[in-house]
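The structure under discussion appears below in the form of structure tokens.
Protein chains: 2
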Amino acid sequence: MKTKLTVVKIGGNVIDDAETLKHVLQEFSQLDSPKVLIHGGGKIASELSLKMGLQPKMVDGRRITDADTLKVVTMTYGGLVNKNIVAQLQAFRCNAIGLTGADANVIPAQKRVTKEIDYGYVGDFEVDNIDVERLSFFIDGGLTPIFCALTHDQQGNLLNTNADTLASGIATTLAKFYETKLIYCFEKPGVLLDADDDNTLIRELGYLHYQQLKDDGIIHTGMIPKLDNAFAARRHGIEVGIKHALDLNKPAGTILL
Amino acid sequence: MKTKLTVVKIGGNVIDDAETLKHVLQEFSQLDSPKVLIHGGGKIASELSLKMGLQPKMVDGRRITDADTLKVVTMTYGGLVNKNIVAQLQAFRCNAIGLTGADANVIPAQKRVTKEIDYGYVGDFEVDNIDVERLSFFIDGGLTPIFCALTHDQQGNLLNTNADTLASGIATTLAKFYETKLIYCFEKPGVLLDADDDNTLIRELGYLHYQQLKDDGIIHTGMIPKLDNAFAARRHGIEVGIKHALDLNKPAGTILL
Chain A
1 MKTKLTVVKI GGNVIDDAET LKHVLQEFSQ LDSPKVLIHG GGKIASELSL KMGLQPKMVD
61 GRRITDADTL KVVTMTYGGL VNKNIVAQLQ AFRCNAIGLT GADANVIPAQ KRVTKEIDYG
121 YVGDFEVDNI DVERLSFFID GGLTPIFCAL THDQQGNLLN TNADTLASGI ATTLAKFYET
181 KLIYCFEKPG VLLDADDDNT LIRELGYLHY QQLKDDGIIH TGMIPKLDNA FAARRHGIEV
241 GIKHALDLNK PAGTILL
Chain B
1 MKTKLTVVKI GGNVIDDAET LKHVLQEFSQ LDSPKVLIHG GGKIASELSL KMGLQPKMVD
61 GRRITDADTL KVVTMTYGGL VNKNIVAQLQ AFRCNAIGLT GADANVIPAQ KRVTKEIDYG
121 YVGDFEVDNI DVERLSFFID GGLTPIFCAL THDQQGNLLN TNADTLASGI ATTLAKFYET
181 KLIYCFEKPG VLLDADDDNT LIRELGYLHY QQLKDDGIIH TGMIPKLDNA FAARRHGIEV
241 GIKHALDLNK PAGTILL
């Protein structure tokens, strides 16, 4: 029988407030199975960019990660946010280790270039290229990997990567070795029919239902890529939940069918 | 017989120039024994502080690491510098992993408070508290640890720590398990009788000779704490060299007797 393992993704809004983050990390540290955390960056990167006088670069309405933006992302996600999460988890006696995909070459990726547009230092990875043996070396060695959403191209460049996609990919690859559960945490109680009304929580969501809600415009914008990533993991047999970050240890939120 | 291992410290001036850093990392990747790198931060932290409008805080002529300065140090040393070194080493097929002392709880430390002055988020560590078993878990697992000079207080706070002291402490603790060599690298060919004349290199330096040169004011300022740290490791039987960063694989520089 495989060992149970929990992969948790925490989003930007959870990170921006120091007190909330502390509570969430305490909840995370209390998960009793081996675990992995993936975090976004919150507003810190945008705020630092502003202070440094960087203008967001858009081409055809899409954000480009130029060299200066990558520096800011590396400083904030890879440095400030990641290392403070690690230090705080250590205080909760969770033996955390902060990682990018470049560390121990765990997540090699490719720079995204389409015919139409060069997105700059943005990376996409193949799930099969994630080094699951190295991840299990850390996990079975008693460590809790804490990933920020940076990968690398194996040519010396870090690449900005979507944190939801990273969480889905890491959970999928770990399912080879562990009975894996994936939890997307954020500031809402789960998937809502009305984003402004916490009482409209969908407790169970199947893929066809999701497609219908998407077609009807009820699920929209930011929730779509998140749920696409979540269902990608679900298709690999992984148990997937979407819930409020403070409900990490409670049976709550939306479960994907 | 113990396995050979090399601990290399690279200083700020080596890091500030991208081309020099790349060459040094290539040299480092070519060391054939297991290895550990400790890096300082260079001018990047000061430059970012300036951009963010932070004023250096001094009390009685000593620099204080306040909360904002710690943030900048965490961003630059722990994020930008550390993760870029890791990504570049991966391109040279050196399986690097970037660490602070908080990661995997490798280097617990104490916040430095004297009767006279609170230095802020500055940490001192005991060599015996470095987790040498965890370090050898990484090294024997085929990884090359890359340390920035941050430790933690196990209460959730990162602490700014002297990189030369960290290198000496890590080399000293690793000497329990490995035949350890420690190399301090910088932009000079070694310890010089005249800091402005590369032809005044001291090829071999004993402790009494060092004390004499210090008393005579020939060795002064920044070289004194570096050499104090270097001799601390030497007293534990570790082979210690001080040389130009580009001479890493050459028999060059100053050897401590």
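Those sequence lines, one after another, are chains A and B. If you count the first sequence from 1, position 28 lands on 28 in full-length UniProt numbering, and the numbers rise without skipping. If you count the second sequence from 1, position 190 lands on 190 in full-length UniProt numbering, and the numbers rise without skipping. The beta-carbon is built from N, C-alpha and C at its ideal position, and this holds for glycine as well.
Close to B:Q88, with beta-carbon spacing below 8 Å, are these residues of chain A in chain order: G156. Nearest to A:E126 by C-alpha distance, out of A:I117, A:G120 and A:P108, is A:P108. If you check the CB distance, B:A163 and B:I38 come in under 8 Å. Between A:L248 and A:F92, the beta carbon gap of about 13 Å keeps them out of contact (Cβ cut-off 8 Å). Between B:L143 and chain A, the shortest Cβ-Cβ separation is below 8 Å. At a beta-carbon threshold of 8 Å, the residues of chain A lying near B:F137 are G141, ordered along the chain. Assigned with DSSP and collapsed to three states, B:L227 falls in helix.
Membership of A:Q110 in the beta strand (DSSP E) is indicated by the continuous run Q110 to V113. Using a CB distance cut-off of 8 Å, B:T65 does not count as an interface residue toward chain A.
In this structure, the beta-carbon distance from A:L257 to A:L201 does not fall below 8 Å.
According to the DSSP assignment, A:I146 belongs to no alpha helix (DSSP H) but to the beta strand (DSSP E) extending over T144 to C148.
The beta carbons of B:N229 and B:S168 sit closer together than 8 Å. Of the other Cβ atoms in all chains shown, 16 or more fall within 10 Å of the Cβ of B:A102; this residue is therefore buried. Within the same chain, L213 come within 6 Å of B:I219 by CB-CB distance, once the 5 residues on both sides are set aside.
Not a single C-beta of chain B is nearer than 8 Å to the C-beta of A:D196. The residues I44, in chain order, have a CB closer than 8 Å to that of B:L80 in the same chain once the five nearest residues on each side in sequence are set aside. Within chain A, no residue has its beta carbon less than 9 Å from that of B:H23; the closest one is some 13 Å off.
A buried status is given to A:H244, since no fewer than 16 other beta-carbon atoms sit within 10 Å of its beta-carbon.
The DSSP-derived three-state label of A:A96 is strand.
B:Q110 has its alpha-carbon roughly 28 Å from the corresponding atom of B:E239. Contact annotation: A:T69 and A:S49 have beta-carbon atoms nearer than 8 Å. The CB of B:N105 comes closer than 7 Å to the CB of Q90 and N95 in chain A, given here in chain order. In this structure, DSSP gives A:T65 an extended state, which the three-state scheme calls strand. About 4 Å separates the CB atoms of A:C148 and A:Y77; that is less than 8 Å, so the two are in contact. By the Cβ neighbour-count rule, B:V59 is exposed, with fewer than 16 other Cβ atoms within 10 Å of its own.
The beta carbon of A:T69 sits no closer than 8 Å to any beta carbon of chain B. Across the structure, B:I10 and B:N82 are spaced so that their CA atoms are roughly 12 Å apart.
The C-beta of A:K51 comes closer than 8 Å to at least one C-beta of chain B. Under the three-state reduction of DSSP, A:Y178 is assigned to coil, being neither helix nor strand. Around the beta-carbon of B:D198, fewer than 16 other beta-carbon atoms lie within 10 Å, marking it exposed. Across the set A:K115, A:Q154 and A:G241, the C-alpha of A:Q154 shows the shortest separation from the C-alpha of A:I130.
With a 10 Å radius around the Cβ and a threshold of 16 neighbouring Cβ atoms, A:H152 comes out buried. When only Cα atoms are considered, A:I224 and B:K71 end up about 34 Å apart. With respect to B:L246, B:V36 sits apart: the two C-beta atoms are not nearer than 8 Å.
At a cut-off of 8 Å, the C-beta of A:A102 has a neighbouring C-beta in chain B.
Of the candidates B:P145, B:L89, B:V132 and B:T161, B:T161 places its Cα closest to the Cα of B:V122.
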